[in-house]
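Undergrad:
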Amino acid sequence: MLDFLSALFFPPGINIVLLVLGFIVHHRWKWTGRLIMVLGIVSLYLFSTQAIGDRMLFNLQKYPAFNKDIFLNNHLDKNTAIVVLGGGRRRLAPEYDKEDIINPMTMERLRYATILSKTYKLPLLLSGGEPDNEATPEAVLMNQFVVEELHQAVPFLEAKSKNTRQSAKNAVDILKQNNISNVILVTHAWHMKRAFAYFQATGVNVYAAPMGFVPRKPFFSSKLKPFYPSAIGLLHSQLAIKEYAAYWWNPAKTPIKETREDNLQQKSQQPPQQQEITTDEK
1 MLDFLSALFF PPGINIVLLV LGFIVHHRWK WTGRLIMVLG IVSLYLFSTQ
51 AIGDRMLFNL QKYPAFNKDI FLNNHLDKNT AIVVLGGGRR RLAPEYDKED
101 IINPMTMERL RYATILSKTY KLPLLLSGGE PDNEATPEAV LMNQFVVEEL
151 HQAVPFLEAK SKNTRQSAKN AVDILKQNNI SNVILVTHAW HMKRAFAYFQ
201 ATGVNVYAAP MGFVPRKPFF SSKLKPFYPS AIGLLHSQLA IKEYAAYWWN
251 PAKTPIKETR EDNLQQKSQQ PPQQQEITTD EK
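The numbering of the sequence shown is our numbering, which starts it at 1 and goes up by one.
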C-alpha cells in the first residue's frame with residue numbers, strides 16, 4: 001500500500017494524477033479543469049529536465065568530501081569503522097542465473113568505501129536489510145561483492161534494517177558491542193544530510209564521507225540540453241523529492257546532549273571554504 005501511495009504522490013505519478021483530475025473536473029468546471037491539466041503537463045516537463053533535477057539534488061549536498069586532514073585531526077585511527085549504507089538491488093538478474101544483485105548505486109558506495117578502508121586500514125560495516133522479508137538481505141549481497149570482486153574482508157554486517165533510520169540504530173548497536181565509537185559514514189552526497197542526522201542522533205561520533213556528488217554546474221554539450229526532458233532528469237527529481245519528503249516526514253531526534261567535542265568535529269568537517277559545495281567534482 002505504501003509503495004502504491006508513493007507512486008501516486010511522487011513524479012511522474014503525481015503528474016498523471018493531476019492530468020486525470022483535470023480531465024474529470026473539466027466536465028463541470030471548464031477552466032479549472034484546464035488549469036489543473038496544464039499544471040500536470042508543465043510540472044511533468046520541469047521534473048523531467050536535469051536543470052531542475054540536478055539542482056534539487058545539489059541543494060541536498062551539505063557535506064564536503066572526506067579527506068586525510070579530517071582523519072588525522074580527529075584521530076580516527078582508533079575505535080573507528082566505515083559504515084556503508086545500501087542503495088538498492090536488481091532483482092532476479094537474468095545474467096546472474098536470476099539471482100538478486102546489488103544495483104549500480106550500491107556498487108558506487110562500496111567501491112569508494114573499500115578505497116577508504118584500504119587507505120586508512122579501517123574495518124567495514126555493511127548495512128542493508130530486506131524490506132519485503134522475502135529475499136537475501138542486501139548486506140549479504142553487498143558482502144559478496146566486496147569480498148569476491150573488491151577482495152576486501154568485511155567484519156561487520158547489519159542485515160535487519162528496512163530504512164535509513166533503522167540502519168543507523170542497528171549499525172551503531174553492533175559497533176558499540178565492539179567498542180567502536182567513531183563512524184565514517186559512506187553514502188551518496190544527496191543522501192548524506194538525512195543519514196548523518198540519523199547516525200548523529202544515536203550519540204556516536206559521525207564523520208561524513210559522501211560520494212557521487214552532483215556538480216553545481218554540470219557539463220553539457222549544448223546550453224539547451226539541461227532543459228531537454230529526459231529519464232535521468234526525471235529520476236533525479238524523483239530522488240530529490242523523496243529525500244526532502246523523508247527528511248521532513250521522519251526527522252532525526254536530536255541527541256540528548258551535544259558536547260563541545262561534537263561541535264569541534266562538525267567544524268572540522270565543514271571548514272569555511274567548504275560549507276557550500278561549489279565544485280564541479282562528480
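From the three backbone atoms N, C-alpha and C, an ideal C-beta is built for every residue, glycine too.
Note that the structure is predicted; figures quoted are calculated from it, not measured.
By the DSSP assignment, the beta strand (DSSP E) with Glu-158 in it spans what residues?
TA: Locating residue 158 in the sequence shown gives position 158, counting from the first residue. First-last of the beta strand (DSSP E) with Glu-158: 156 to 158.
Undergrad: Within 10 angstroms of the Cβ of Pro-104, are there 16 or more other Cβ atoms? Answer buried if so, exposed if not.
TA: Position 104 of the sequence shown holds residue 104. Exposed is the call here.
Undergrad: Suppose contacts are defined by Cβ-Cβ distances below 9 Å. Is Leu-141 in contact with Asp-100 by that definition?
TA: Sequence index remark: in the sequence shown, residue 141 carries index 141 (1-based). Sequence index remark: in the sequence shown, residue 100 carries index 100 (1-based). Yes, Cβ-Cβ distance for Leu-141 and Asp-100 is below 9 Å.
Undergrad: State the DSSP-derived secondary structure class of Pro-218, mapped to helix, strand or coil.
TA: Against the sequence shown, residue 218 aligns to sequence position 218. Looking at Pro-218 - three-state DSSP - the assignment turns out to be coil, as it is neither helix nor strand.
Undergrad: With a 10 Å radius around its C-beta and 16 neighbouring C-beta atoms as the bar for buried, classify Arg-173 as buried or exposed.
TA: As a working mapping, residue 173 is identified with position 173 in the sequence shown. Note that residue 173 is Asp in the sequence shown, not Arg. Asp-173 is exposed by the Cβ-count criterion.
Undergrad: Label Phe-9 either buried or exposed according to how many other C-beta atoms from any shown protein chain fall within 10 Å of its C-beta, with 16 as the threshold for buried.
TA: Counted from its first residue, the sequence shown places residue 9 at position 9. Exposed, by the Cβ-count rule.
Undergrad: Three or more C-beta pairs closer than 8 Å, one from the stretch 122 to 137 and one from the stretch 154 to 168: is that the case here?
TA: Yes, they touch.
Undergrad: When the Cα atoms are used, what is the spatial distance from Tyr-45 to Ile-52?
TA: Against the sequence shown, residue 45 aligns to sequence position 45. Against the sequence shown, residue 52 aligns to sequence position 52. Taking the straight line joining both Cα atoms gives about 10 Å.
Undergrad: Touch check for the stretch 77 to 85 and the stretch 177 to 184: three-plus C-beta pairs under 8 Å?
TA: Taking 8 Å as the limit for Cβ pairs, the verdict is that the stretch 177 to 184 does touch the stretch 77 to 85.
Undergrad: Assuming contact is defined by CB atoms lying nearer than 9 Å, are Pro-346 and Ser-48 in contact in what I supplied?
TA: The chain is shown only over 1 to 282; residue 346 falls outside these bounds and no answer can be derived.
Undergrad: For Ser-237, I'd like the list of residues in its chain whose CB is within less than 7 Å of its CB, leaving aside the five on either flank, ordered along the chain.
TA: Walking along the sequence shown from the start, residue 237 turns up at place 237. Closer than 7 Å at the Cβ level, and outside the excluded window around Ser-237, lie Pro-11, Phe-47, Ile-52, Gly-53 and Met-56.
Undergrad: Determine, using beta carbons only, whether Met-192 and Pro-215 come nearer to each other than 9 Å.
TA: As a first step, residue 192 must be located in the sequence shown, where it is residue number 192. As a first step, residue 215 must be located in the sequence shown, where it is residue number 215. No. Outside cutoff.
Undergrad: Which residue wins for smallest C-alpha separation from Lys-118, given the options Leu-150, Phe-145, Glu-108 and Glu-158?
TA: Mapped onto the sequence shown, residue 118 falls at position 118. Checking every option, the nearest Cα to that of Lys-118 belongs to Leu-150.
Undergrad: Distance check for Leu-18 and Leu-39, CA to CA, integer angstroms please.
TA: Along the sequence shown, one-based indexing puts residue 39 at 39. Along the sequence shown, one-based indexing puts residue 18 at 18. Spanning the two alpha carbons is a distance of roughly 7 Å.
Undergrad: Tell me whether Ser-161 sits in a helix, a strand or coil according to DSSP, three-state version.
TA: Mapped onto the sequence shown, residue 161 falls at position 161. Ser-161: coil per DSSP, three-state reduction.
Undergrad: By the three-class DSSP mapping on this structure, what secondary structure does Asn-170 have?
TA: Position 170 of the sequence shown holds residue 170. If DSSP states are grouped into helix, strand and coil, Asn-170 belongs with the helices.
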